[in-house]
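Data first, discussion second: the structure below is written as structure tokens.
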Amino acid sequence: MEISATLERRLEAVENTRANNVSFEQTKEKIRKMLLEKVELSVSAYDTSWVAMVPSPSSQTAPLFPQCLSWLLENQHEDGSWGLDHHPSLKKDMLSSTLACVLALKKWGTGERQISKGLQFIELHSASVTDETMEKPAGFDIIFPGMVEYARDLNLVIPLGSQVVDAMIQKRDLDLTSESFSRGREAYLAYVLEGTRKIQHWDLVAKYQRRNGSLFDSPATTAAAFTQFRNDGCLRYLSSLFQKFDSAVPTVYPFDQYARLSIIDTLESLGIDRDFKNEIRSVLDETYRCYLRGDEEICLDLATCALAFRLLLAHGYDVSYDPLKPFAEESGFSNTLEGYLKNTVSVLELFKAAQSYPHESALKEQCLWTKQYLEMELSNWPITSARDQYLKKEVEDALAFPPYASLERLDHRRRLLRGFCLENTRVMKTSYCFLNVCSSDILNLAVEDFNFCQSIHGEEMKRLDRWIVGNRLQELKFARQKLAYCYFSGAATLFTPELSDARVSWAKGGVLTTVIDDFFDVGASKEEMENLIHLVEKWDLNCVPEYCSEQVEIIFSVLRDTILETGEKAFVYQGRSVTHHIVKIWLDLLKSMLREAEWSSEKATPSLEDYMENAYVSFALGPIVLPATYLIGPLMSEETIGSPEYNQLYKLMSTMGRLLNDIQGFKRESAQGKLNGVSLHMIHDQDNRSKEEEVIECVKGMAERKRVELQKLVLEEKGSVVPRECKEAFLKMSKVLNLFYRKDDGFTSQDLMSVVKSVMYEPVTLQDESLT
């Protein structure tokens with residue numbers, strides 16, 4: 001893709017402005033390292049203890065990995081516990097890790113002092129074992145009772161009380177002897193192998209062994225499997241851990257793909273990904289290679305696979321949705337470990353992936369069941385930790401703000417005000433965190449960038465206010481004054497500083513199309529309409545225009561100056577004159593509006609086909625979006641502008657918008673005696689049986705199909721001649737329309753005006769606790 005020299009200079013100017021802020025640049029450098037370096041997970045006392053319990057193949061009385069035992073002896077907390085220091089709601093995790101460490105020390109007859117302190121910690125916090133309000137690590141109800149039983153085998157008394165122990169073991173036994181069977185349950189029982197010690201045959205476990213020799217990439221599960229079955233692959237995996245780690249292991253390995261993809265997703269969701277384009281491309285190139293070869297780290301983890309699919313698709317990689325096909329129905333998810341564990345993060349990622357690719361029938365089904373699943377989860381969501389609260393808000397937002405009707409800057413602000421963007425402590429069998437990923441750095445950078453961009457937008461709005469007054473547009477009493485909406489629709493999508501020219505062109509196009517729409521609708525005589533069209537059609541800049549009224553003079557003057565200004569700017573970006581094309585865009589609009597005015601005055605009833613062929617042009621998105629594509633950056637040749645793809649993008653976007661507008665404006669326009677797409681559907685219904693509600697649903701379906709077709713065309717890379725950044729402009733306008741028309745016909749929603757004001761004028765500020 002070729003980028004104009006003008007955009008390169010703009011980018012350089014923006015970077016120079018921001019580079020003067022030393023802390024800004026230092027923060028960016030730290031985030032670059034997060035992306036380029038392998039993500040480091042915290043060590044897991046729980047998993048390290050199970051690896052420490054592995055006996056040497058040459059002697060059952062000696063540990064195979066004595067360095068793990070040494071680590072346990074040296075890393076007990078003052079209170080007698082092992083594990084991460086974190087929220088009190090994760091006390092069960094601390095108890096599980098502490099008991100596992102005590103067992104490892106007892107097995108090898110060492111660390112009496114540490115064992116005693118560990119047992120004291122367990123006794124002090126024994127009430128937490130049965131507290132159902134606390135978050136439980138995965139498999140806790142199986143693993144913890146199993147460890148208590150193992151302690152008995154080692155002649156170690158765990159100070160929990162016989163009633164508590166008996167109740168835990170009874171509950172565990174009922175679970176293990178349940179007659180219910182599913183592949184998800186089978187995977188779960190293999191996953192918690194260290195707690196069951198009930199699986200007698202390797203064949204029941206072998207199906208979950210990965211190419212690296214592990215079971216589920218879990219050191220604890222793999223250690224238990226090797227201890228029981230002496231499998232060479234398990235030994236190979238366990239030995240490989242100590243080529244990477246010194247004497248303690250994480251709770252999952254490898255885990256780099258999901259961690260780095262999550263960072264990219266976070267950067268994009270906060271609007272600061274543009275500062276890390278090269279690093280993101282490097283990570284995604286590697287992810288793409290892994291995706292194509294079916295790498296297990298991606299394809300055997302649902303959340304990672306769905307996230308990889310979504311990000312790769314969004315960045316223009318040619319990815320197949322085949323890895324996600326098994327989850328088109330909920331039964332496919334239920335047959336997985338994540339399904340049995342009711343892993344909400346995996347369902348949320350599947351939901352987002354399905355929304356990003358809605359034109360495949362399999363993913364439509366996936367979108368449906370995942371949405372229903374998440375809605376059901378929300379109805380009974382336990383808040384046991386900050387992570388739960390954050391995830392609940394993530395789910396609520398995903399359901400409330402579908403990507404096809406959500407604007408980037410609204411999303412960014414909403415996420416920033418949520419308080420933290422990459423919650424660091426997570427829980428699997430035990431808790432873990434990313435050691436070299438600092439959420440506060442990402443959040444601080446995003447807040448600073450949001451407010452920086454907002455200040456630029458404020459200055460642009462002031463200049464546009466002066467433009468309106470300077471061109472006397474406020475004197476046109478028939479015209480709605482909608483600058484805030486017009487500018488907002490561009491600023492909320494084309495928000496970066498270097499896109500100032502595109503943003504301003506977008507806003508001016510919106511203001512002028514609103515004025516001209518009102519001019520043809522209520523403000524002009526037939527003579528004035530034809531006079532304006534004649535002036536644009538003639539486009540003679542060397543003679544004095546002949547105006548039939550002051551209204552025409554005001555409108556043509558500002559229209560002429562705006563076209564020339566946009567043309568001059570576009571010449572700098574494109575290296576060629578495109579003014580003739582911009583004139584044609586406006587002329588097509590004026591002629592389509594005249595035709596509608598003639599239909600109205602003559603009380604004509606056009607065919608539905610004639611109406612739609614004219615109406616997608618008269619919907620007036622052409623002068624807003626098309627000139628802006630010249631100012632986004634990539635070079636747009638004459639051949640590109642004349643291509644079927646470019647015109648189809650425009651037609652799909654405009655037709656969808658027109659249908660949405662007609663649905664919302666149907667009752668109002670019918671009362672005024674005006675025809676639109678809905679009323680014409682009813683008039684031309686051959687059987688004359690369709691009810692109003694049925695026709696509206698039919699038109700909604702048409703609009704939805706146009707939206708999906710547009711999204712598919714934007715994502716299509718093969719054979720595409722329109723640069724992706726320019727195609728995105730059509731999709732961004734589609735999102736604006738779907739948001740604006742969700743409640744009413746766009747320009748009367750008080751809620752929307754409140755959103756406009758907050759995004760445009762209210763800087764983001766964070767409380768100190770938001771950064772923890």
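Numbering (full-length UniProt numbering) for the sequence shown: 1 to 772.
The C-beta atom is built at its ideal place from N, Cα and C for all residues, glycine as well.
Since the structure is predicted, the reported quantities are computational estimates derived from the model, not experimental observations.
| query | result |
| --- | --- |
| Burial state of TYR46, where buried means 16 or more other Cβ atoms lie within 10 Å | buried |
| For GLU377 and LEU399, believed in contact at Cβ under 8 Å, the rounded distance | Wrong, their Cβ atoms sit about 10 Å apart, outside the cutoff. |
| Element boundaries [alpha helix (DSSP H), containing SER500] | 500 to 518 |
| Nearest-angstrom Cα separation, counted from GLY111 out to ASP79 | 16 Å |
| Euclidean distance between Cα positions of GLU137 and ALA362 | Contrary to the premise, residue 137 reads as Pro rather than Glu in this sequence. Approximately 33 Å, taken between the alpha carbons. |
| TYR404 beta carbon less than 7 Å from that of GLU661 | A quick correction: the sequence has Asn, not Glu, at residue 661. No. |
| For residue 782, the nearest candidate out of SER607, GLN389, MET529 and PRO382 (CA to CA) | The structure shown does not extend to residue 782, since the chain is modelled only from 1 through 772, so no value can be given for it. |
| Simplified DSSP state of residue 852, which is helix, strand or coil | The chain is shown from 1 up to 772; residue 852 falls before or after that span and cannot be answered. |
| Under the three-state DSSP convention, the category PHE434 falls into | strand |
| N-terminal and C-terminal residue of the beta strand (DSSP E) that THR61 is part of | 59 to 63 |
| Reduced DSSP category for MET753 - H, G, I as helix; E, B as strand; rest coil | helix |
| Residues near LYS107 by beta carbon distance below 7 Å, same chain, minus five either side | MET53 and LEU154 |
| Three-state secondary structure (DSSP) of GLN209 | strand |
| Nearest residue (CA-CA) to PRO627, options ASN531, SER379, LEU350 and LYS508 | LYS508 |
| Residue ranges of each alpha helix (DSSP H) within the segment 293 to 349, 4 or longer | 296 to 299, 302 to 314, 330 to 334 and 337 to 340 |
| Any 3 or more C-beta pairs closer than 8 Å across the segment 286 to 302 and the segment 251 to 268 | yes |
| CB of LEU715 within 7 Å of CB of TYR611, strictly | no |
| Cα-Cα separation, SER557 to HIS457 | 26 Å |
| ASP745 versus TYR485 - alpha carbon distance | A caution first: ASP745 carries a pLDDT of 46, below 50, which makes its placement in the model unreliable, though a value can still be read off. Going by the C-alpha atoms only, they are around 13 Å apart. |
| Per-residue DSSP class, three states only, for ARG426 | strand |
| Secondary structure of PRO634, DSSP reduced to three states | strand |
| Unbroken alpha helix (DSSP H) run spanning LEU445, endpoints | 439 to 470 |
| Extent of the continuous alpha helix (DSSP H) run through ILE272 | Here ILE272 belongs to no alpha helix (DSSP H), and DSSP marks it neither H nor E. |
| The alpha helix (DSSP H) enclosing TYR487, as first and last residue numbers | 483 to 491 |
| Where LEU626 sits in the DSSP three-state scheme | helix |
| Coarse secondary structure for PRO55, derived from DSSP in three states | strand |
| Reference LEU267, options ASN444, GLN474, ALA306 and GLN163, closest by Cα | ASN444 |
| LEU680, DSSP secondary structure in three states | helix |
| Straight-line Cα distance separating ARG426 from PHE65 | 27 Å |
| Length of the line joining the Cα atoms of ARG230 and LEU174 | 29 Å |
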